[in-house]
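The opening position of the sequence shown corresponds to residue 0 in numbering that gives the first Met the number 0, with each subsequent residue numbered one higher.
Where a beta carbon is used, it is the ideal one built from N, C-alpha and C, also for glycine.
For reference, the structure is listed below as structure tokens.
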Amino acid sequence: MTKRDVVSAALDGEKVPYTPWHVGFTFEAWKKLEHYFGGDISAELENHFHSWPVYPGKKAEGKDLCTDFFGVAWDCSEDKDIGVVSGCLLPEPDVNAYTFPSIDIVKRYHEETLKQKPCSSEKELYRIFALGFSLFERAWTMRGMENLLMDFIINPQFARALLRRITDYNIAALANVIDEDFEAVQFGDDWGQQHGLIMGPDIWHEFIAPELKRIYGFVKGHGKRVIIHSCGDVQELFDDLIELGLDCFNPFQPEVMDVHALHGKYRGKLSFWGGLSTQQTLPYGSVEDVEKETGSLLKMGLSGNYIFSPAHAVGGDVPLENMLAFINAVKSQPGFAR
0 MTKRDVVSAA LDGEKVPYTP WHVGFTFEAW KKLEHYFGGD ISAELENHFH SWPVYPGKKA
60 EGKDLCTDFF GVAWDCSEDK DIGVVSGCLL PEPDVNAYTF PSIDIVKRYH EETLKQKPCS
120 SEKELYRIFA LGFSLFERAW TMRGMENLLM DFIINPQFAR ALLRRITDYN IAALANVIDE
180 DFEAVQFGDD WGQQHGLIMG PDIWHEFIAP ELKRIYGFVK GHGKRVIIHS CGDVQELFDD
240 LIELGLDCFN PFQPEVMDVH ALHGKYRGKL SFWGGLSTQQ TLPYGSVEDV EKETGSLLKM
300 GLSGNYIFSP AHAVGGDVPL ENMLAFINAV KSQPGFAR
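Put into structure tokens, the structure is as follows:
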């Protein structure tokens, strides 16, 4: 079986010869590993996904300042990976005050991206198109978090129109690639806090769910799987997300949910990707703690519906030996053959 086959079997809920994995690292953590291995670490990780972004990345505007494809300015002076939104594209609740980038730019970007055919080893990986900041996050980066949360209450027509336009644009962008040879679309849209939803369940169901239904339906209608990355405690939404068409949930944070209990509860209905503690075990635990937690998750994954990973991109505060502990553990699984 190729890595692509193993991931597909896992997401289908089948028993697998080993638990597949795909792990990510922040800038600082990646540099630690590069220094240790003496160069690019991609081959050392043996990851199982090959991912393309739906939209072009950020453009540097000056020291520690970048602008994303939608025109949002980001200050990356402290957070080198994502940054902090600087300014406000929509200071007033007027959806007509913003013009989305030409969809032709996205089409040309996809054409250029897809010309770069993966090498032979990448062809054996599970292929994904990634759409980060896909709905709620895109809206608040344009409008401002506080403004958008107030809009849900005092400017509901504007909030609804903004989310609908974002979804329309995302569907138009995905239409350029939806028939290509890949398996899934991964959406990024953080809805959770350490306890519960940022906007609360009623607002999520009224404003967010209808747009998810449209775009998940578009992806599923073309025979592709749907993956969501949504940080925080959002487990109260799992049943709704399954009904909307979700196939796999990430990052599966053990600090805010019982990963083993939820895997058992939803086995056959929803897959999970993540699970290794990035808030406690990886930064503060011993190598033995990391090995024990990793081993438990890998054993759980053999029954299917699970992709191993730390619960989020591994941070620079994680000791090198703890990173190596879970990397070596996944590559040492008996059923995995290099």
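When beta bridges are read from the DSSP output, Tyr305 appears opposite Phe271.
Taking C-beta atoms as the reference points, Val105 and Asn175 count as a pair closer than 8 Å. Residue range 58-61 is occupied by the beta strand (DSSP E) that includes Lys58. Contact check for Arg126 against Glu45 fails: the beta carbons are separated by 8 Å or more. CA-to-CA, the gap between Gly23 and Pro309 works out to about 8 Å. In this structure, the beta-carbon distance from Phe68 to Pro16 does not fall below 8 Å.
Around the Cβ of Ala42, a 10 Å sphere holds fewer than 16 other Cβ atoms; the residue is exposed. Minimum Cα-Cα distance from Val313 among the listed residues Ile326, Ser302, Leu301 corresponds to Ile326.
For a cut-off of 8 Å, the C-beta gap from Leu211 to Leu243 is around 5 Å, short enough to register as a contact.
Annotated three-state conformation of Val15 is coil, per DSSP. The DSSP-derived three-state label of Phe135 is helix. For the pair Leu296 and Gly274, the CB atoms are nearer than the 8 Å cut-off.
The segment 142-161 makes no contact with the segment 218-229; the number of CB pairs closer than 8 Å stays below 3. Closest in C-alpha terms to Phe251, from the list Tyr265, Cys230, Asp238, comes Cys230.
Following the DSSP letters along the chain, one finds Leu319 inside the alpha helix (DSSP H) bounded by residues 319-330. In terms of Cβ geometry, Glu235 and Pro209 do not form a close pair [threshold 8 Å].
Membership of Phe186 in the beta strand (DSSP E) is indicated by the continuous run 183-187.
The Cβ neighbour count for Gln115, taken over all protein chains shown within 10 Å, is under 16; the residue is labelled exposed. Of the residues Asp74, Tyr54, Trp51, His49, the one whose Cα lies closest to the Cα of Gly61 is Asp74. Asn249 carries a strand assignment under DSSP once its states are collapsed to helix, strand and coil. Inclusion of Val184 and Met141 in the CB contact set at 8 Å is not warranted, their separation being larger than that value. Under the 10 Å beta carbon count, Lys31 is surrounded by 16 or more other beta carbons and is classified as buried.
As DSSP reads the structure, Ser295 sits in no beta bridge.
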